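Undergrad: Supplied in structure tokens, the structure appears directly below.
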Amino acid sequence: MDGFNENDISHVIEADKAHVWHHLVQHKPFETSDPRIIVEGKGMRVWDATGKEYIDAVSGGVWTVNVGYGRISIADAIRDQIVKLNYFAGAAGSIPGALFAEKLIAKMPGMARVYYANSGSEANEKVFKMVRQIAHKRHGGRKRKILYRERDYHGGTIGTMSAGGQTERNEQYGPFAPDFVSVPHCLEYHAQWDLSGEAYGARAAEAIEEVILREGPDTVGALCLEPITAGGGVIVPPEGYWPRVQEICEKYDILLHIDEVVCGMGRTGTWFGYEHYGLRPDFVTLAKGVASGYAAIGVTVTTEAVFEMFKDDVADPLNHFRDISTFGGCTAGPAAALENMRIIEDEGLLDNTTAMGARMLANLEALMEKHRVVGDVRGKGLFLGAELVADRTTRAPVEERLVGAVVAECAAQGVIIGATNRSVPGFNNTLTFAPALIATADEIDAITDTVDRALGKVFG
Numbered sequence: 000m001d002g003f004n005e006n007d008i009s010h011v012i013e014a015d016k017a018h019v020w021h022h023l024v025q026h027k028p029f030e031t032s033d034p035r036i037i038v039e040g041k042g043m044r045v046w047d048a049t050g051k052e053y054i055d056a057v058s059g060g061v062w063t064v065n066v067g068y069g070r071i072s073i074a075d076a077i078r079d080q081i082v083k084l085n086y087f088a089g090a091a092g093s094i095p096g097a098l099f100a101e102k103l104i105a106k107m108p109g110m111a112r113v114y115y116a117n118s119g120s121e122a123n124e125k126v127f128k129m130v131r132q133i134a135h136k137r138h139g140g141r142k143r144k145i146l147y148r149e150r151d152y153h154g155g156t157i158g159t160m161s162a163g164g165q166t167e168r169n170e171q172y173g174p175f176a177p178d179f180v181s182v183p184h185c186l187e188y189h190a191q192w193d194l195s196g197e198a199y200g201a202r203a204a205e206a207i208e209e210v211i212l213r214e215g216p217d218t219v220g221a222l223c224l225e226p227i228t229a230g231g232g233v234i235v236p237p238e239g240y241w242p243r244v245q246e247i248c249e250k251y252d253i254l255l256h257i258d259e260v261v262c263g264m265g266r267t268g269t270w271f272g273y274e275h276y277g278l279r280p281d282f283v284t285l286a287k288g289v290a291s292g293y294a295a296i297g298v299t300v301t302t303e304a305v306f307e308m309f310k311d312d313v314a315d316p317l318n319h320f321r322d323i324s325t326f327g328g329c330t331a332g333p334a335a336a337l338e339n340m341r342i343i344e345d346e347g348l349l350d351n352t353t354a355m356g357a358r359m360l361a362n363l364e365a366l367m368e369k370h371r372v373v374g375d376v377r378g379k380g381l382f383l384g385a386e387l388v389a390d391r392t393t394r395a396p397v398e399e400r401l402v403g404a405v406v407a408e409c410a411a412q413g414v415i416i417g418a419t420n421r422s423v424p425g426f427n428n429t430l431t432f433a434p435a436l437i438a439t440a441d442e443i444d445a446i447t448d449t450v451d452r453a454l455g456k457v458f459g
């Protein structure tokens with residue numbers, strides 16, 4: 000880059016302030032201050048334009064960089080592939096596309112086909128289109144409704160926001176697509192029924208059945224759920240929930256769509272979050288950690304039974320799935336994804352995630368003993384949340400500005416953590432953590448020690 004001096008990036012900062020529209024950020028403060036610009040990453044750490052070093056406890060800000068920064072082998076895999084063939088539309092195949100699909104399906108008993116896209120939002124859109132097309136092909140267009148759960152998030156397009164369970168994210172973006180219907184959330188900490196444990200989980204699932212019966216089972220085509228709710232508060236469904244959900248879907252011939260965009264690729268200590276619960280999904284969607292952010296890739300995975308529905312009448316010109324994702328034809332994504340999977344396997348990162356996740360959960364539970372503002376900690380693997388409350392008895396959330404103050408104080412001390420952000424009105428009060436799967440015990444302790452100090456400073 001002509002005239003660029005990496006020791007003086009003042010021009011970069013000015014160009015950013017003048018021309019870049021950042022995600023999720025109010026830009027008015029940048030009239031008198033500078034945006035954060037991250038310039039380098041290595042392992043679990045990143046450095047900003049001022050040279051400040053941070054431990055990244057949210058894997059790129061949005062739980063994506065699962066195998067950490069600076070992976071030369073992934074960069075080499077991408078370079079080697081794109082020099083040979085960078086792109087061809089997904090109507091044809093590619094070597095990395097075929098090999099990654101084969102490797103992925105080997106980890107997913109019962110699943111059979113991989114459809115490539117470029118993001119989690121797009122991968123979820125593909126499922127919605129498949130469900131609608133199946134409704135027309137098999138059910139006279141009637142079985143077209145798609146159920147989604149309160150607090151779950153499935154993407155930022157108008158279609159995926161129609162299945163958006165985070166009402167604050169949806170404000171001012173409607174009207175949305177018809178025939179998307181919400182079902183109640185399953186967070187026992189803010190209980191909707193006077194039950195607990197397995198009984199609560201079963202009751203939360205039965206609330207889905209009540210919606211199905213209200214809408215009419217012959218109108219409901221699919222149920223779309225995150226295995227563990229991410230941005231809506233890191234919610235692990237109670238025992239008893241998932242077996243009942245599976246039964247309900249089978250009872251009413253409803254396709255089960257599991258959105259693994261966050262949980263997939265090792266985040267919870269297994270390759271996919273749904274593995275913890277013995278689920279048999281019809282659709283699984285993946286993105287984020289599939290290539291750890293080294294290349295853009297999203298995938299929709301289906302069973303052979305779903306796939307067969309799109310090729311059973313060759314004479315019908317509308318019979319196949321008439322969809323294309325331009326950048327689903329990029330070869331960098333599956334090339335990076337193959338190397339990403341090799342790293343996870345060869346370095347034993349699933350076991351590390353389980354062990355370090357247990358350590359981090361124990362550390363957060365210790366913080367709950369020390370700080371009364373921590374009302375609940377929850378999660379699985381290296382995907383964890385700590386809900387901050389003003390009163391443990393009523394479980395009333397703390398003010399959002401105080402949650403933001405904790406996040407800011409952690410950053411000031413060199414640790415980047417997350418928080419539920421513009422998700423559920425009045426309940427954006429959960430600190431979120433998703434360190435890379437390579438995290439060490441010392442790094443986990445450093446993260447939670449910093450949170451400890453930040454809570455002490457903000458709340459006394």
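Numbering of the sequence shown is given in numbering that gives the first Met the number 0, commencing with residue 0 and proceeding in unit increments. Even glycine gets a Cβ: it sits at the ideal position worked out from N, Cα and C. Since the structure is predicted, the reported quantities are computational estimates derived from the model, not experimental observations.
First and last residue of the beta strand (DSSP E) that includes Ser181?
TA: Along the sequence shown, read from residue 1 onward, the residue named residue 181 stands at position 182. It spans 179-182 - the beta strand (DSSP E) in which Ser181 sits, taken as one unbroken run.
Undergrad: I'd like to check one pair, Ile207 with Leu278: are the Cβ atoms closer than 9 Å?
TA: For the purposes of this step, residue 278 is taken as residue 279 along the sequence shown, with counting starting at 1. For the purposes of this step, residue 207 is taken as residue 208 along the sequence shown, with counting starting at 1. Not in contact: Leu278 and Ile207 (Cβ atoms no closer than 9 Å).
Undergrad: Can you look up Glu39 in the DSSP assignment and give me helix, strand or coil?
TA: Within the sequence shown, the letter at position 40 stands for residue 39. In the structure shown, Glu39 sits in a strand (DSSP, three-state: E or B).
Undergrad: How big is the Cα-Cα spacing for Asp359 and Val305?
TA: By one-based count along the sequence shown, residue 359 stands at place 360. By one-based count along the sequence shown, residue 305 stands at place 306. Note on identity: in this sequence residue 359 is Met, with Asp being the wrong assignment. C-alpha separation (whole angstroms): 39 Å.
Undergrad: Pick helix, strand or coil for Glu347, following the three-state DSSP scheme.
TA: Along the sequence shown, read from residue 1 onward, the residue named residue 347 stands at position 348. Inspection of the sequence shows that residue 347 is occupied by Gly rather than by Glu. Gly347: coil per DSSP, three-state reduction.
Undergrad: Tell me the start and end of each unbroken beta strand (DSSP E) in the stretch 253-333 that is at least 3 residues and wholly inside, in chain order.
TA: List check, beta strand (DSSP E) in window: 254-258, 282-285, 297-301.
Undergrad: How big is the Cα-Cα spacing for Arg143 and Ala433?
TA: Position 144 of the sequence shown, counted from the first residue, corresponds to residue 143. Position 434 of the sequence shown, counted from the first residue, corresponds to residue 433. Straight-line Cα distance between these residues: approximately 35 Å.
Undergrad: Could you tell me the alpha carbon to alpha carbon distance between Ala453 and Leu366, rounded to whole angstroms?
TA: Counting from 1 along the sequence shown, the entry for residue 453 is found at position 454. Counting from 1 along the sequence shown, the entry for residue 366 is found at position 367. Near 11 Å, if we compare the C-alpha coordinates of Leu366 and Ala453.
Undergrad: Mind checking whether Gly378 and Val235 have CB atoms under 9 Å apart?
TA: As a working note, residue 378 is residue 379 in the sequence shown. As a working note, residue 235 is residue 236 in the sequence shown. In contact: Gly378 and Val235 (Cβ atoms closer than 9 Å).
Undergrad: Within 10 angstroms of the Cβ of Thr392, are there 16 or more other Cβ atoms? Answer buried if so, exposed if not.
TA: As a working note, residue 392 is residue 393 in the sequence shown. Exposed is the call here.
Undergrad: Among the residues of its own chain, which have a CB less than 8 Å from the CB of Asp217, if the five just before and after it don't count?
TA: Indexing the sequence shown from 1 puts residue 217 at position 218. His138, Arg141, Lys142, listed in sequence order.
Undergrad: Got a sec? Which residues, its chain only, sit under 6 Å from Asp1 by beta carbon, not counting five neighbours each side?
TA: To locate residue 1, count along the sequence shown from 1; it is residue 2. In this prediction, Asp1 has a pLDDT of 46, which is less than 50 and means its spatial position is unreliable; what the coordinates show is noted afterwards. Cβ within range, chain order: n/a, list empty.
Undergrad: Using a 10 Å radius around the Cβ and a threshold of 16 neighbouring Cβ atoms, would you call Asn123 buried or exposed?
TA: Counting from one through the sequence shown, the residue named residue 123 turns up at place 124. Buried.
Undergrad: Where DSSP assigns a beta bridge to Cys223, which residues make up the other side?
TA: Position 224 of the sequence shown, counted from the first residue, corresponds to residue 223. Answer by DSSP bridge pairing, in chain order: Tyr147, His256.
Undergrad: Taking Cβ positions, are Asn65 and Met264 nearer each other than 9 Å?
TA: Locating residue 65 in the sequence shown gives position 66, counting from the first residue. Locating residue 264 in the sequence shown gives position 265, counting from the first residue. A contact, by the Cβ cut-off of 9 Å.
Undergrad: Checking 9 Å against the spacing of the C-beta atoms, do Asp151 and Gln132 come in under that value?
TA: Along the sequence shown, one-based indexing puts residue 151 at 152. Along the sequence shown, one-based indexing puts residue 132 at 133. Taking 9 Å as the Cβ cut-off, Asp151 and Gln132 do not qualify as a contacting pair.
Undergrad: I need the straight-line Cα distance from Asp375 to Asp390, nearest angstrom please.
TA: As a working note, residue 375 is residue 376 in the sequence shown. As a working note, residue 390 is residue 391 in the sequence shown. When rounded, the distance between both Cα atoms is 12 Å.
Undergrad: Ignore the nearest five residues each way along the sequence and tell me which others in Tyr251's own chain have a CB closer than 6 Å to its CB.
TA: Sequence index remark: in the sequence shown, residue 251 carries index 252 (1-based). Correct list, in chain order: Ile211, Pro216.
Undergrad: Does the stretch 182-200 come close enough to the stretch 114-130 to have 3 or more Cβ pairs within less than 8 Å?
TA: Flag = no, the stretch 182-200 and the stretch 114-130 do not touch.
Undergrad: When the distance is taken between beta carbons, is Ile323 closer than 9 Å to Ala74?
TA: Taking the first residue of the sequence shown as position 1, residue 74 is located at position 75. Taking the first residue of the sequence shown as position 1, residue 323 is located at position 324. Not in contact: Ala74 and Ile323 (Cβ atoms no closer than 9 Å).
Undergrad: When the Cα of Asn427 is compared with those of Ala229, Gly288, Arg266, which residue comes out closest?
TA: Translated into the one-based positions of the sequence shown, residue 427 becomes position 428. Nearest option by C-alpha distance: Ala229.
Undergrad: Shortest alpha-carbon distance to Thr419 belongs to which of Cys409, Ala407, Gly403, Ala411?
TA: Reading the sequence shown from its first residue, position 420 is the one you call residue 419. Minimum Cα distance to Thr419 is reached at Gly403.
Undergrad: DSSP state of Met342, grouped into three classes?
TA: Residue mapping note: residue 342 aligns to position 343 of the sequence shown, counting from 1. Correcting the residue type first, residue 342 is Ile in the shown sequence and not Met. Helix at Ile342.
Undergrad: Note down, one range per segment and in chain order, each alpha helix (DSSP H) of at least 4 residues found wholly within the stretch 342-407.
TA: The stretch 342-407 contains these whole alpha helix (DSSP H) runs: 348-369.
Undergrad: With Ile54 as the anchor, note down where its alpha helix (DSSP H) starts and where it stops.
TA: In the sequence shown, residue 54 corresponds to position 55, counting from 1. Taken as a continuous stretch (DSSP letters only), Ile54 belongs to no alpha helix (DSSP H), being part of the beta strand (DSSP E) at 52-55.
Undergrad: Check Ile443 in the structure and name its three-state DSSP category.
TA: Against the sequence shown, residue 443 aligns to sequence position 444. Ile443: helix per DSSP, three-state reduction.
Undergrad: Less than 7 Å between C-beta atoms, sequence neighbours within five positions excluded: which residues of the same chain meet that for Phe3?
TA: Taking the first residue of the sequence shown as 1, we reach residue 3 at position 4. At Phe3 the pLDDT is 45, less than 50, meaning the model places this residue with poor confidence; the figure from the coordinates comes in the next sentence. Contacts found: none.
Undergrad: Given this structure, state the Cα-to-Cα distance separating Val11 from His22, to the nearest angstrom.
TA: Against the sequence shown, residue 11 aligns to sequence position 12. Against the sequence shown, residue 22 aligns to sequence position 23. So the two alpha carbons sit approximately 18 Å from each other.
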